Amino acid sequence: MAYRIRAVILAGGEGSRLGVLTAKRTKPAVPFAGKYRIIDFTLSNCVNSDIFDILILAQYRPHSLIEHIATGGPWDLNRNFTGGVSIHTPYKGRSSSDWYLGTADAVQQNFLFIKRDYPDFVLILSGDHIYSMDFRPLIEYHVRHQADATIASLQVPVDEASRFGILGVDSENRVTSFIEKPKEPLSNLANMGVYLFNTKILDRALWEDRDRSDSFHDFGKDILPQLVNEGNKIYSFPYSGYWVDVGTDESYWRAHMDLLKYPPPIDLNDRSWIIHTRTEERPPSRFASGSSVMDSLVSDGCYIAPGAVVERSVLSPGVIVLENARIYESVILTDAVVKQGVQVAKSILDKRVTIEPDARIGAVDVDSPKITIIGKNSIVMPGMVIEPGAIVGPDVVDVDYSSAIVRSEDFVQTSRLPYEI
Numbered sequence: 038m039a040y041r042i043r044a045v046i047l048a049g050g051e052g053s054r055l056g057v058l059t060a061k062r063t064k065p066a067v068p069f070a071g072k073y074r075i076i077d078f079t080l081s082n083c084v085n086s087d088i089f090d091i092l093i094l095a096q097y098r099p100h101s102l103i104e105h106i107a108t109g110g111p112w113d114l115n116r117n118f119t120g121g122v123s124i125h126t127p128y129k130g131r132s133s134s135d136w137y138l139g140t141a142d143a144v145q146q147n148f149l150f151i152k153r154d155y156p157d158f159v160l161i162l163s164g165d166h167i168y169s170m171d172f173r174p175l176i177e178y179h180v181r182h183q184a185d186a187t188i189a190s191l192q193v194p195v196d197e198a199s200r201f202g203i204l205g206v207d208s209e210n211r212v213t214s215f216i217e218k219p220k221e222p223l224s225n226l227a228n229m230g231v232y233l234f235n236t237k238i239l240d241r242a243l244w245e246d247r248d249r250s251d252s253f254h255d256f257g258k259d260i261l262p263q264l265v266n267e268g269n270k271i272y273s274f275p276y277s278g279y280w281v282d283v284g285t286d287e288s289y290w291r292a293h294m295d296l297l298k299y300p301p302p303i304d305l306n307d308r309s310w311i312i313h314t315r316t317e318e319r320p321p322s323r324f325a326s327g328s329s330v331m332d333s334l335v336s337d338g339c340y341i342a343p344g345a346v347v348e349r350s351v352l353s354p355g356v357i358v359l360e361n362a363r364i365y366e367s368v369i370l371t372d373a374v375v376k377q378g379v380q381v382a383k384s385i386l387d388k389r390v391t392i393e394p395d396a397r398i399g400a401v402d403v404d405s406p407k408i409t410i411i412g413k414n415s416i417v418m419p420g421m422v423i424e425p426g427a428i429v430g431p432d433v434v435d436v437d438y439s440s441a442i443v444r445s446e447d448f449v450q451t452s453r454l455p456y457e458i
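First residue of the sequence shown: 38, per the working numbering; consecutive thereafter.
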């Protein structure tokens, strides 16, 4: 039997833990792995699982996301009558609509659209996770157990369990407890933020939660614990593949370094599970004679000049690395320019950053665990030193620096109005 599945992707979060990378864009729109955006992984999981009916709920700085998704062509989602993709943002109505208060409130405010044509199941997903997952086994598992809701889960290291929603289950994987980010976790079975609901159950749960004055209107904090406590049939679906929430600078950087392992934990070259994306037309990359690129991902349109070295790094389209510059274990986003003699290590450079000659960025010749970040459109002046862990915000120029050294943990911000999105 074919079931009608409608996927809802939550893409409205501010992503404040990603700092300057989300100063001008929502977290799902942050570039990833050279040519993708973070949301591409969730979208591709849907279409590769034969789910072509998708609503995206956006809120914080959605401009880049809307431009990227457009009509959904790269994902075969430019459909009018048989599914497709639509992006919904908050609106001010006469009574019950406003800014989303939480993940559940975002879904509740859009539920008239979600339950249009009465889908059998609603698949709730996050737009800010990196993973490859076939949702068809999850759906079959849900039906076989006659579940009211099914939560995808995975085992995490015990010392990290307090960062997640933690499930307790019985011998048949029925959920017996759900606690969001417990201080003392009773297990290491973590919620992945992938939920399959029977439509009627979800509708009822959202309406009941809407009227609770003490609720955060959040799936992890309120909806799922309440459904479990009421004795509904909530099951855990075990997942053992690669999954990461790239919600911090460290996890974003680490996920890029994971891609440089062999074999990588998520195979971007798997032709049976293509990660679809909207790409610009760029010429092939050029590596000049005498340049060196080792163990790295380099996107179209990049230029690596004579004597330049790129090692264990990920370069987005259009990055220019000039003579004798050295980039090590760093993530360089679109159209950034690294000029002559610059050294960059364990750093993230956002779009259109310019590093002027002989500057030193990040943990150069230092075994430091700290990530250095340079925000979108910013310029680092010649010979400057940006120490490990320092942050330069978006749109920073020469007059914004108080000295030629930006110390670790310092945060340099522009003194001008941020006109550009």
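Backbone N, C-alpha and C define an ideal beta-carbon position, used for all residues, glycine too. Everything numeric in this text was worked out from a predicted model, so none of it was measured.
Whole-angstrom C-beta distance between residue j and residue i, which should lie under 8 Å
i: Ala186; j: Tyr232; result: 6 Å
i: Thr126; j: Gln96; result: 6 Å
i: Val449; j: Asp437; result: 6 Å
i: Ser190; j: Tyr276; result: 7 Å
i: Ile103; j: Ile124; result: 6 Å
i: Glu393; j: Val417; result: 6 Å
i: Thr285; j: Leu55; result: 7 Å
i: Val180; j: Asn225; result: Contact doesn't hold; Cβ gap of about 28 Å is too wide.
i: Ala198; j: Ala242; result: Not a contact, Cβ separation roughly 25 Å.
i: Leu305; j: Val351; result: Actually they are not in contact, since the Cβ atoms of Leu305 and Val351 sit about 11 Å apart, beyond 8 Å.
Residue i vs residue j beta-carbon contact at 8 Å
i: Ala70; j: His313; result: no
i: His32; j: Phe234; result: Absent from the model: residue 32. The displayed extent of the chain is 38 to 458, so no value can be given.
i: Ala373; j: Val356; result: yes
i: Ile411; j: Asp387; result: yes
i: Ala396; j: Gly420; result: yes
i: Thr140; j: Asp240; result: no
i: Ile151; j: Val122; result: no
i: Tyr168; j: Tyr279; result: yes
i: Arg116; j: Phe89; result: yes
i: Thr108; j: Val159; result: no
i: Glu287; j: Ile398; result: no
Burial state of residue i (16 or more Cβ within 10 Å)
i: Asp87; result: exposed
i: Ile458; result: In this prediction, Ile458 has a pLDDT of 41, which is less than 50 and means its spatial position is unreliable; nothing more can be read from the coordinates.
i: Val45; result: buried
i: Pro425; result: buried
i: Ala39; result: exposed
i: Ile42; result: buried
i: Lys298; result: exposed
i: Asp251; result: exposed
i: Gly257; result: buried
i: Val390; result: buried
i: Arg363; result: buried
i: Pro262; result: buried
i: Gln192; result: exposed
i: Leu149; result: exposed
i: Ser333; result: buried
Sequence-distant residues of the same chain with beta carbon closer than 6 Å to residue i, five excluded per side
i: Asn353; result: Rather than Asn, the amino acid found at residue 353 in this sequence is Ser. Pro68, Gly71, Ser336, Leu370, Thr371, listed in sequence order.
i: Gly50; result: Lys64
i: Met170; result: Asn82
i: Trp112; result: Leu80, Val84, His313
i: Tyr289; result: Val283
i: Ile480; result: Given that the chain is displayed from residue 38 to residue 458, the structure contains no residue 480 and the question cannot be resolved.
i: Val212; result: Leu204, Val206, Val265, Ile271, Ser273
i: Ser163; result: Leu47, Gly230
i: Phe253; result: Gly139, Asp259
i: Tyr365; result: Glu348, Ala382
i: Tyr178; result: Phe274
Closest Cα partner of residue i within the set the options
i: Ile428; options: Thr451, Val436, Gly420; result: Thr451
i: Tyr272; options: Gln183, Ile93, Leu359; result: Gln183
i: Gly202; options: Arg153, Gly230, Leu359, Ser163; result: Gly230
i: Val347; options: Glu318, Lys383, Arg315; result: Lys383
i: His100; options: Ala66, Ile91, Asp90, Asn115; result: Ala66
i: Arg200; options: Glu209, Glu221, Asp332; result: Glu221
i: Asp157; options: Glu209, Thr409, Ile238; result: Ile238
i: Asn210; options: Leu223, Ile188, Lys218; result: Ile188
i: Ser415; options: Asp404, Gln380, Arg453; result: Arg453
i: Trp310; options: Arg249, Ser214, Phe172, Gly327; result: Phe172
i: Gly327; options: Ile161, Val358, Arg444; result: Val358
Sequence-distant residues of the same chain with beta carbon closer than 8 Å to residue i, five excluded per side
i: Pro320; result: Asp337, Gly338
i: Ser53; result: Thr59
i: Gly430; result: Val57, Ala60, Gly412, Ser415, Phe448, Val449, Gln450, Thr451
i: Arg249; result: Asp259
7 Å CB neighbourhood of residue i in its chain, flanking five on each side removed
i: Tyr137; result: Gly49, Gln96, Pro127, Ala143, Gln146
i: Asn361; result: Gly344, Ala345, Gln377, Gly378
i: Ala325; result: Ile341, Ala342, Pro343
i: Tyr456; result: For Tyr456, the pLDDT reaches just 45, beneath the cut-off of 50, and the residue's location in the model is therefore unreliable, although a value from the coordinates is still provided. Nothing listed; no residue qualifies.
i: Val330; result: Phe324, Ile341, Val347
i: Pro302; result: Tyr279, Asp295
Any non-hydrogen atom of the ligand SAM within 7 Å of residue i CB
i: Pro431; result: No copy of the ligand SAM appears in this structure; indeed no ligand is present at all.
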